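Participant:
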Amino acid sequence: MRGLSRRRIRTIIAKELQMYRRTGSIVVTMSIIPLVFLIQPVVSALTTSSAAAVSIRHHHELLYMLAIPALVPSMLAAYAVVGERQQGTLEPLLTTPLRREELILGKALAVLVPAVVLSYLIFAVFLAIVGIFAHPGVPSALIHGSDVLAQVIFTPLIAAWSIWIAMAISTRATDIRVAQQLSVLASLPTIAVTTLIAFNVLHPSLRLAASLGIGLLVLNRVAWRLVSMLFDRERLIVGTRT
Amino acid sequence: MRADRRDHGAPALAVSGLTKHFGERIAFEDVTFEIAYGEVFGFLGPNGAGKTTTVRTLGTLIAPSSGTAAVAGIPLAPDNGVKIRRRIAIMPESPGLYDRLSVAENLRCFANLYEVSAPGERIERALRSVRLTDRAHDLCGTLSKGLRQRVALARALLSEPQILFLDEPTSGLDPVARREVHELIATLGRGGVTIFLTTHRLEEAERLCDRVAILNTRLRTIGQPAQLRDRLFAKALTIRTRAALCDPDRVFSDLPAVERWSGDSDGSYLVSISDTEAAAPAITRALVAAGADVLSISESYHSLEDVYLELIDEDTEALRR
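Protein sequences appear in the order of chains A and B. Position one of the first sequence corresponds to residue 385 (the numbering used here), numbered consecutively onward. Position one of the second sequence corresponds to residue 9 (the numbering used here), numbered consecutively onward.
1. How should Asp12/B be labelled, buried or exposed, when 16 other C-beta atoms within 10 angstroms of its C-beta is the threshold for buried?
2. Measure the beta-carbon distance from Ile131/B to Leu174/B and round it to whole angstroms, keeping in mind my assumption that it falls under 8 angstroms.
3. Check Phe204/B in the structure and name its three-state DSSP category.
4. For Val495/A, which residues of its own chain have a beta-carbon under 6 angstroms away from its beta-carbon, when the five flanking residues on both sides are left out?
5. What residues are listed by DSSP as bridge partners for Pro83/B?
6. Consult DSSP for Ser306/B and reduce its assignment to one of helix, strand or coil.
7. Kindly indicate if chain A contains any beta-carbon less than 7 angstroms away from that of Gly67/B.
8. Below 7 angstroms on C-beta distance, what does Leu478/A contact in chain B?
9. Excluding sequence positions up to five away, which residues of its chain have a Cβ less than 6 angstroms from the Cβ of Ala563/A?
10. Which bits of chain B does Pro498/A rub up against, with CB to CB less than 9 angstroms?
11. Between Ile131/B and the ligand MG, is the CB less than 6 angstroms from at least one heavy atom?
12. Kindly list, in the order they appear in chain A, the residues whose Cβ is closer than 9 angstroms to that of Arg130/B.
13. Would a check of beta-carbon distances place Ile203/B closer than 7 angstroms to chain A?
14. List the residues of chain A that Ala85/B touches, going by C-beta distances under 7 angstroms, in chain order.
15. Name the chain A residues whose beta carbon is nearer than 8 angstroms to that of Ala97/B?
16. Do Gly490/A and Ala397/A count as a contact pair if the criterion is CB distance below 7 angstroms?
17. What separation, rounded to the nearest whole angstrom, lies between the Cα atoms of Asp559/A and Gln470/A?
18. Using a Cβ-Cβ cut-off of 7 angstroms, state whether Met403/A counts as contacting chain B.
19. What residues from chain B crowd round Thr378/A, counting only those whose CB sits closer than 8 angstroms?
20. Chain A partners of Cys117/B, CB-CB under 8 angstroms?
21. What are the start and end residues of the alpha helix (DSSP H) that includes Asn114/B?
22. Compare the beta carbon distance of Leu526/A and Ile440/A with 7 angstroms and say whether it is the shorter of the two.
23. Decide if Val420/A is buried, meaning its Cβ has at least 16 other Cβ atoms within 10 Å, or exposed.
24. Do you know whose CA, among Ala508/A, Ala492/A, Phe517/A, Pro425/A, lies nearest Ile542/A's CA?
25. Apart from the five residues just before and just after Pro523/A, which ones in its own chain have a Cβ nearer than 6 angstroms to its Cβ?
26. Using the rule of at least 16 other Cβ atoms within 10 Å of the residue's Cβ for burial, across every protein chain shown, is Cys217/B buried or exposed?
27. List, in chain order, every chain B residue whose beta-carbon is nearer than 8 angstroms to that of Glu618/A.
28. When you compare the CB positions of Pro103/B and Gln157/B, do they come within less than 7 angstroms of one another, or not?
29. According to DSSP, His190/B sits in a beta bridge with which residue or residues?
30. In the DSSP assignment, find the beta strand (DSSP E) that holds Asn224/B and state where it starts and stops.
31. Check whether chain B comes within 7 angstroms of Leu482/A, counting only Cβ atoms and requiring the distance to be less than that.
32. Mind listing, in chain order, the continuous alpha helix (DSSP H) runs of no fewer than 4 residues lying wholly within the stretch 407-434 of chain A?
33. Helix, strand or coil for Gly50/B? Go by DSSP, reduced to three states.
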């Protein structure tokens, strides 16, 4: 963070959040996609009888919802650079003393914060529905302490990873729609892994969780620099490689 | 507005042999000039001449292929981008405002990016200088093109830059909005702000600029508009008489100040001269002595447009050859 201006990063975050609030389609998209990922676990939990609760003791339905932080931020992050470029607002931004690392970090944090808050909120809603409406015995069979912890820890890590991939695409794409489609595609492997764990195809263990957690932490740190390097002012302004 | 005349005599902009290629294509080549602090400098040229690319290069948005430059006293180098951008402001041709934010919100965002102290006061001052105080809370998406240009100009003024780059600031504006922007630029110029104005509106450059340069990939000429006219065109008098002279060659050729003349049968003559003040009275006397009824004698005026067209035509001819 040496040499970077917190004030400029905060300014980018504030500007982005202001723009989200005033763009109805962003709020709607951000709200609907997570609800889709809530349906399957809720239906599964509410249709499981008390007698069948024992059989789901080894399921990890909660981890299925890690698809939310993988998918939701990718759409917004994909818009981050190419959107500014297409609207003609990128050039004025780049004429200021703003560094590319500050711009990238500010934009990433502006996506990360609402994505994580929303993911936690949906997760809390799921826990509340299961706790209140599921048959007796189902909540204790379905909700494991380790899964809740995994959800809390992996949500920001997965969201950040998804954001970096989408922003890398956004710095190179020339069209918003292409950037968003590619970003959604790029988030599918993450969703596949969480789904395979949720359905017990991959068996979660402390070792796997620690490896994935540390791996994502390192990747996220490196990705910020890599995406900043991909942010080529000249290419973005004149459409020609340096 | 602050008048920065720093470094005691050092130029605000010093450009030497600056060149930018995009692969095989030359954007501009071997451009050399200097601009003093407080000067309003016009950068003219046809579309595709490299004006905008020059501004972007000097504004550290893109890197030059070769050559050197110092912007506000700082050498143009990759490591100096932030330092240079702190001292300058660029108003691109397209305002690039956030339509969903209000005028004040747009300005606040940029004031914070420049890390100005007391941003509220600066925003108020910038809005006052472009006469937009009453529109501060309007969403930018609802503004007319002229108003958007004014907001973009206010944004460029926020950091009180040492050098203000204005890239086609009146492009697409109606005459009233254009006049307002002209007045703003003139006020800034009088206030001592160094202005680098790119335009292809020649009357705009002639009206606003202390000096102009004409770029057509290469720098074709540079100087004060009047100097450029003198350099490119001979001085001439346009004469009208009631009837054609019987022997015009005898009348004009005997006068030492006359270099050459041309005329037609209806009594109109164009006389090239070396010195207007010496030639005009002598020609008048000679015409009267020859019995001519003189209707008018006036100095031929060559506009900056004539200079521009002459140079660009030369380039076009050279390309054809």
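Think of the CB as a built atom: it goes at the ideal place given N, C-alpha and C, for glycine as much as any other residue. All figures in this text were calculated on a predicted structure; none of them were measured in a lab.
Facilitator: The structure says:
1. Walking along the second sequence from the start, residue 12/B turns up at place 4. With a pLDDT of 46 at Asp12/B, under the threshold of 50, the modelled position of this residue cannot be trusted, and the question is left open.
2. Here the question's residue 131/B lines up with position 123 in the second sequence. Here the question's residue 174/B lines up with position 166 in the second sequence. At roughly 20 angstroms, the Cβ-Cβ gap does not stay under 8 angstroms, so Ile131/B and Leu174/B are not in contact.
3. Position 196 of the second sequence, counting from 1, holds the residue named residue 204/B. In the structure shown, Phe204/B sits in a strand (DSSP, three-state: E or B).
4. Residue 495/A sits at position 111 when you count from the first residue of the first sequence. Closer than 6 angstroms at the Cβ level, and outside the excluded window around Val495/A, lie Pro457, Leu460, Ala461, Ile547.
5. Reading the second sequence from its first residue, position 75 is the one you call residue 83/B. Partner(s): Ala78/B.
6. In the second sequence, residue 306/B corresponds to position 298, counting from 1. Reduced to three states, the DSSP call for Ser306/B is strand.
7. As a first step, residue 67/B is located in the second sequence; it is residue number 59 there, counting from the start. It does: the Cβ of Gly67/B has a partner Cβ on chain A nearer than 7 angstroms.
8. Working through the first sequence from its first residue, we reach residue 478/A at position 94. Near Leu478/A (Cβ distances below 7 angstroms), the residues of chain B are Leu69.
9. Position 179 of the first sequence, counted from the first residue, corresponds to residue 563/A. Around Ala563/A: Ala462, Val466, Ile553, Ser554, Ala557.
10. Sequence index remark: in the first sequence, residue 498/A carries index 114 (1-based). Simply none; closest approach about 16 angstroms.
11. By its list of ligands, the structure shown contains no ligand whatsoever, and the ligand MG lies outside what it can speak to.
12. Sequence index remark: in the second sequence, residue 130/B carries index 122 (1-based). Going along chain A, no residue has its Cβ under 9 angstroms from Arg130/B, so there is no contact; the nearest lies around 14 angstroms.
13. Residue mapping note: residue 203/B aligns to position 195 of the second sequence, counting from 1. Chain A contact via Cβ: absent.
14. Taking the first residue of the second sequence as 1, we reach residue 85/B at position 77. By Cβ distance, chain A contributes nothing, its closest Cβ being about 14 angstroms from Ala85/B, past 7 angstroms.
15. The residue given as residue 97/B occupies position 89 in the second sequence. Under the 8 angstroms cutoff, chain A gives Thr479.
16. Position 13 of the first sequence, counting from 1, holds the residue named residue 397/A. Position 106 of the first sequence, counting from 1, holds the residue named residue 490/A. Correcting the residue type first, residue 397/A is Ile in the shown sequence and not Ala. Result yes, Cβ atoms of Ile397/A and Gly490/A sit closer than 7 angstroms.
17. Within the first sequence, the letter at position 175 stands for residue 559/A. Within the first sequence, the letter at position 86 stands for residue 470/A. Cα to Cα, Asp559/A sits roughly 8 angstroms from Gln470/A.
18. Position 19 of the first sequence, counted from the first residue, corresponds to residue 403/A. Yes, contact with chain B.
19. The first residue shown for chain A is 385 and the last is 626, placing residue 378/A beyond what the model contains.
20. Within the second sequence, numbered from 1, the residue matching residue 117/B stands at position 109. Neighbours of Cys117/B on chain A, chain order: Thr395, Ala398, Lys399.
21. Taking the first residue of the second sequence as 1, we reach residue 114/B at position 106. Asn114/B -> alpha helix (DSSP H) spans 111-121.
22. Within the first sequence, numbered from 1, the residue matching residue 526/A stands at position 142. Within the first sequence, numbered from 1, the residue matching residue 440/A stands at position 56. Yes, Cβ-Cβ distance for Leu526/A and Ile440/A is below 7 angstroms.
23. For the purposes of this step, residue 420/A is identified with residue 36 of the first sequence, where counting begins at 1. Label assigned to Val420/A: exposed.
24. As a working note, residue 542/A is residue 158 in the first sequence. It is Ala492/A.
25. By one-based count along the first sequence, residue 523/A stands at place 139. Counting only Cβ-Cβ distances below 6 angstroms, and skipping sequence neighbours, we find Val514, Gly515.
26. As a first step, residue 217/B must be located in the second sequence, where it is residue number 209. It counts as buried.
27. The sequence position of residue 618/A within the first sequence is 234, counting from 1. The contacting residues are Leu69, Ile70, Ala71.
28. As a first step, residue 103/B must be located in the second sequence, where it is residue number 95. As a first step, residue 157/B must be located in the second sequence, where it is residue number 149. Yes, the Cβ-Cβ distance between Pro103/B and Gln157/B is below 7 angstroms.
29. In the second sequence, counting from the first residue as 1, residue 190/B sits at position 182. Note: His190/B sits in no beta bridge, so no partner.
30. Here residue 224/B is taken as the residue at index 216 of the second sequence, counted from 1. Run containing Asn224/B: 219-224, per the beta strand (DSSP E) assignment.
31. In the first sequence, residue 482/A corresponds to position 98, counting from 1. Judged by the 7 angstroms Cβ criterion, Leu482/A is in contact with chain B.
32. 408-430
33. Along the second sequence, one-based indexing puts residue 50/B at 42. Here Gly50/B sits in strand by DSSP.
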